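Notes to accompany the following structure.
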Amino acid sequence: MKPIKVSHLSLAFVGLILFALLGLGTLMWLELGQLTSRIRSQETQAAHQEVSDGLARMESSLRDRVEALGRWDETRQQLIYPDYYVMWRDLRVRDAGMLPAYVSGVALYDKQGHILVEPRGEFMPSELVGLPGRIQFSGAGDDRHLYVFFPVHADPDGTIPLGHGAIKVDFPLQFRLIRAYRYADIQGLKIQLRAQASGSLAAAISRIDYDTLPNQNLANIKEVLQVAFMRLLAAMLLILALGAWFFKRALVSPLNRISRDIDKLKNAPGDSRSLVPLENPMRVQELENVRRSFSEYHEKLALLRKDLEKSSQDFFDQARHDALTGAFNRRAFDEDWRALADAGYLGKCALLLFDCDHFKTINDSYGHGVGDLVIQAIATNLTHALRTGDRLYRLGGDEFATMLPNSDTPSAEAVAERCLHHIQSHDFRRYGLMEPVSVSIGIALSEHSAFNLHELHSQADLAMYSAKRPGNRKFVFYSGDIDGMANLVSNIRVNAVYNAIQNADALQMHYQPIVALPANHTAYVEALARIRHGDDLLMPGEFLTIVEAHRLDVEFDLAVLRSVESDMRIGRLAADTGLSINVSPTGIVDESLIGALLDLKEHQAQRKMIIEITENALITQIYRASENLRRLREVGYLVALDDLGSGYSSLRYLSCMPVDLVKFDISMIHQLVSDDPKKRLVVGEIANIVSANGYQIVAEGVETEEHLSRVVALGFNYAQGYLFGR
Amino acid sequence: MITIRLGVGMLLLAFMQLAGWPLARAERVSMTMRPDLTAIAEYRAGRADKPVVLILHGFLQTADSPVIFSLTEGLAGEGYGVLAPTMTLGITHRRTSLACEAIHTHTLNDDIVEIDRWVQWLKRRHNRPIVLIGHSLGSLTLLAYLDRYAATPVRKTIGVSIMEGRLTGNPQDQEKSILDLKQRIRNGQREPVRQPYSFCSTFNAVPESLLSYLEWSPARVMAMSRKHKSRLIYIMGGRDDRLGPGWVEGLVKTGVTVRIIPGANHFMDGEYEFDLLESVIGELKGLRVE
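Residue numbers (this note's numbering), protein chains in the order written: chain L, 1 to 726; chain B, 1001 to 1290.
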């Protein structure tokens, strides 16, 4: 059933009241009508009784009157001596008060019924028909006048007839005068009288018509009741109107207002405003309670909704934010990328990929807690370095990204430099780190809107890997020159790396000679890995980044060990040839690799074995690394610090770890032939210092005789480079 | 002593009247004066040893007038035969006083005739002395009767409060009126004349009627009284204000025995009716029944 509007309900209520009022009015009207009818009936009966009484009184009066007239001495006088009858009839009888006003005529008749004298004015019958022995009544023929005939006797006993008398009575006049009439309206009295004489007045009347007087009291009462009812009705209507107004103002309007407000709130559910109280002096408590309750309910609902929205937003944010750093996550990255693509901003968009250098090593060396702090600090600094509105996304463990719509190379470069500056300015030592933390930034610029994320991401990835390469700037824009790296990081190259780790045949070892100075004879060889990739060989620079990126350092180190062991087993390396093996910073703290090295040494007890740890690799677990190196030395390994001058803390390594050999990086060796004497001096001084401290020093990258002469001059113990073999 | 005895008797009479106990059986008698005119009278036969009295009422009165009723009852109580006729005044069976304004056609002579008829009626019934008692103008009527019927058997006539019939005004006006009435009669003008007469402020009478009463002037009364003084006794009220000046003195001068009841008015009403009765009885005691 359709709900009824309160306004309709109130209208129905008003209509019902009106109907009830009209019903009551009609009932009252009918009751009043019945009462009026009853009173009318009673009044009609009373009028009838009045008329009957009037007639009786009239007859009695007339009888008394004519009897008195008949007994009057002067009446008898006229019958005896009628000489002055006319005077008696016209004057005396009236002067004596014998005839009242309603008697319009009088006449005396002799015993035979002959009138004594014919009247001059008022007609009286000349002869009496049927001499009345008693009083008789008859009509005068005009339905107004009544004759009353009476005998006149000489003696009081009525035994001596003397004559007759008659009076002519104005019936209506006497009827009016005979008594007061309260109910009968005798003003319009109509009578019909019989011409025949009758012994009674009633018998002489053939018909008498009269009306009932309008009951003035009843009319007044009726009028009063009508007026009272009309006033009551008016008052009720007024009260009803006031009640309707009051009802509308106090209930309907507030209800409608509440309903409208509720509808409005329903259509605007997020509106947390309360229901505004009505500016109405007549406020109904219950409605106000409803309004207040609903308002409070709505406010709570709005708060709940806010909470839900907040929670939803939180969920949304959490779903799109990285819990550790607060930066946006990959999901947000993908969505924003699609949004940019939909908005057409990909035409000139720069994608910057950030990757923390050596983060795995940091993580493994200082623990995940420190690693998390480093990541948070990187995220914070990158965020501060970005422009307002730019978003920082954490795509993976230590990999961040940002998108710079409507950006070009200078602006992207400025952002990248600012990011690097923030990172370099941050004091990571507060987290217990002894080494500097850096990030590599790969930047790819979209050239047209058709660029897809994958493509741009790949380019930025390549650029980022390029930035990681030693000697490169820490931010690199993607260009065609580094397309080769793309191949390395392509799935095929990665598969090749994995294949090399799992299949020893895929890994081909090259042994570069390291000559002793100044004799220039091969002292030992350094095992350099190559990966077979079809007909090609992947050089270390082409796959080590993949190894490092995919955290395959230990596995790759083990694969190299297996390959070297195989070469030694098959005799590819002479039994007396010393062998230097590169071990990744991760591997040096890995127990399995240490175990493998110990096993290898156990089988090659006679061979000179050297472990090279790269200086440019961050070794965070110095103590453990030192311990492992000490264990390796105990079994006969020598420890060489590789790439001195290109990494972080070579001198720290020297002071903390057991090192036998120090290999100067090619960049330092090439400084020896620099035109700048200061550079040459520094390298020489370092070499002297290192050498002076008991370390055997090795020059890397000796490619020319000049290089060789220089290193020999500086007292290097060993030299390595293309001059001696690739 | 007599006075005391009569006084006690009157008191007894009054008591019996008040108690409704008729002192003597009253009889209503009638007499046809003409074929169409019947007169009625109250009659009590009385004791045979006492005179019979005819009591005539005053002008236009009836036998039921108080003074007549009182005398009738008083005398009847004393055993006197009493006849109290009502003059017909031309109205058969007249029972009520006739209004002054009524059309008066009766004459004094008509009254005298009717008195004579009643006297004859008494004479036929009794052999006792007949005494006439009249009141006011009734006394005048009886005087006229005595003058008219000299041979009447009436032994004594008592005129109570006798007065002449006169018009109000001076005697000259009365003479003028008499002349006018006579002229009317001669001219055959029979229309009633309205004149103040006696105690009537408007006496509506035909000329013959009025003239018959007016002819009895004071002088005539005095003359007739003197003429019949042997059979006349007048009883007058000491304070009768209806009489003309010197009227009683004139009566006395006529030689008629005039008795004055001191303090009584014209109608002898109240306590004086007993004095009147006592006086009347005193006059009647001297009459002896043969």
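Where is the CB? At the ideal position from N, CA and C, for every residue including glycine.
Please read these numbers as outputs of a predicted model, since none were measured by experiment.
Would you mind working out which of the options sits nearest residue i, comparing C-alpha positions?
| i | options | result |
| --- | --- | --- |
| L528 of chain L | L:H550, L:I514, L:H603 | L:I514 |
| S1139 of chain B | B:N1127, B:L1122, B:M1163 | B:M1163 |
| E548 of chain L | L:Y85, L:T586, L:Q424 | L:T586 |
| G326 of chain L | L:P254, L:F400, L:S580 | L:F400 |
| D157 of chain L | B:G1250, B:L1179, B:H1093 | B:H1093 |
| A1084 of chain B | B:V1067, B:I1091, B:L1098 | B:V1067 |
| R394 of chain L | L:F354, L:S311, L:E335 | L:F354 |
| F333 of chain L | L:S411, L:L351, L:A605 | L:L351 |
| A687 of chain L | L:D676, L:G715, L:D660, L:Q671 | L:G715 |
| G534 of chain L | L:G645, L:A506, L:L242 | L:A506 |
| K266 of chain L | L:A302, L:G243, L:M464 | L:A302 |
| A1144 of chain B | B:G1165, B:R1128, B:R1125 | B:G1165 |
| R630 of chain L | L:G33, L:S691, L:F315, L:V659 | L:V659 |
| W72 of chain L | B:N1204, B:V1113, B:L1071, B:I1091 | B:I1091 |
| Q34 of chain L | L:R120, L:R134, L:I622, L:K222 | L:K222 |
| E455 of chain L | L:L304, L:W337, L:T44, L:R331 | L:W337 |
| E1283 of chain B | B:P1051, B:A1076, B:T1038 | B:P1051 |
| E122 of chain L | L:P100, L:H145, L:V712 | L:H145 |
Identify the continuous beta strand (DSSP E) that holds residue i and give its terminal residues.
| i | result |
| --- | --- |
| K663 of chain L | 661-664 |
| V1154 of chain B | 1154-1160 |
| S440 of chain L | 439-445 |
| S580 of chain L | 578-583 |
| M1033 of chain B | 1027-1034 |
| S138 of chain L | 136-139 |
| R291 of chain L | Note, R291 of chain L: premise wrong, no beta strand (DSSP E); alpha helix (DSSP H) at 285-320. |
| Q720 of chain L | 718-720 |
| D642 of chain L | 637-644 |
| V525 of chain L | 521-533 |
| R539 of chain L | Looking at the sequence shown, residue 539 of chain L is not Arg but Met. Premise fails: M539 of chain L is in no beta strand (DSSP E) and is neither H nor E. |
| V169 of chain L | 161-170 |
| G1237 of chain B | 1232-1237 |
Which chain L residues are close to residue i, counting only those with a beta carbon under 7 angstroms from its beta carbon?
| i | result |
| --- | --- |
| R1095 of chain B | D73, P156 |
| T954 of chain B | Residue 954 of chain B lies beyond the residue range present for chain B, which begins at 1001 and ends at 1290; the question has no answer from this structure. |
| A1099 of chain B | A96 |
Starting from the beta carbon of residue i, find every residue of chain L whose beta carbon is closer than 9 angstroms, and list them in chain order.
| i | result |
| --- | --- |
| G1188 of chain B | Ordered by position in chain L, no residue passes the 9 angstroms Cβ test against G1188 of chain B, which lies about 12 angstroms from the chain. |
| G1090 of chain B | Q77, I80, Y81 |
| A1102 of chain B | D73, E74, Q77, W88, R92, A96 |
| T1105 of chain B | Q77, Y81, D83, Y84 |
Let's see if you can read the secondary structure: which residues bound the alpha helix (DSSP H) around residue i?
| i | result |
| --- | --- |
| G1138 of chain B | 1137-1148 |
| E74 of chain L | 73-80 |
| P1171 of chain B | 1171-1187 |
| L373 of chain L | 359-385 |
| M464 of chain L | 453-468 |
| R1226 of chain B | 1218-1227 |
| P1245 of chain B | That residue, P1245 of chain B, is in no alpha helix (DSSP H); it is neither H nor E in DSSP. |
Pop quiz: residue i and residue j are said to be a contact at Cβ under 8 angstroms. What is the actual Cβ separation, rounded to whole angstroms?
| i | j | result |
| --- | --- | --- |
| L1214 of chain B | S1177 of chain B | 7 angstroms |
| T1257 of chain B | Y1234 of chain B | 7 angstroms |
| V374 of chain L | F428 of chain L | 6 angstroms |
| M87 of chain L | I1185 of chain B | So it is not a contact: roughly 18 angstroms between Cβ atoms. |
| T1107 of chain B | S1212 of chain B | 4 angstroms |
| K474 of chain L | I441 of chain L | 6 angstroms |
| I1158 of chain B | V1119 of chain B | About 14 angstroms separates the two Cβ atoms, so there is no contact after all. |
| L420 of chain L | A412 of chain L | Wrong, their Cβ atoms sit about 13 angstroms apart, outside the cutoff. |
* **Selection of the region 1181-1209 of chain B by Cβ proximity to chain L, strictly under 9 angstroms** => R1190, E1191, P1192, N1204, V1206
* To do: Using a Cβ-Cβ cut-off of less than 8 angstroms, give me the residues of the region 81-98 of chain L that come near chain B, in sequence order.
  => Y81, D83, Y84, M87, W88, R92, D95, A96
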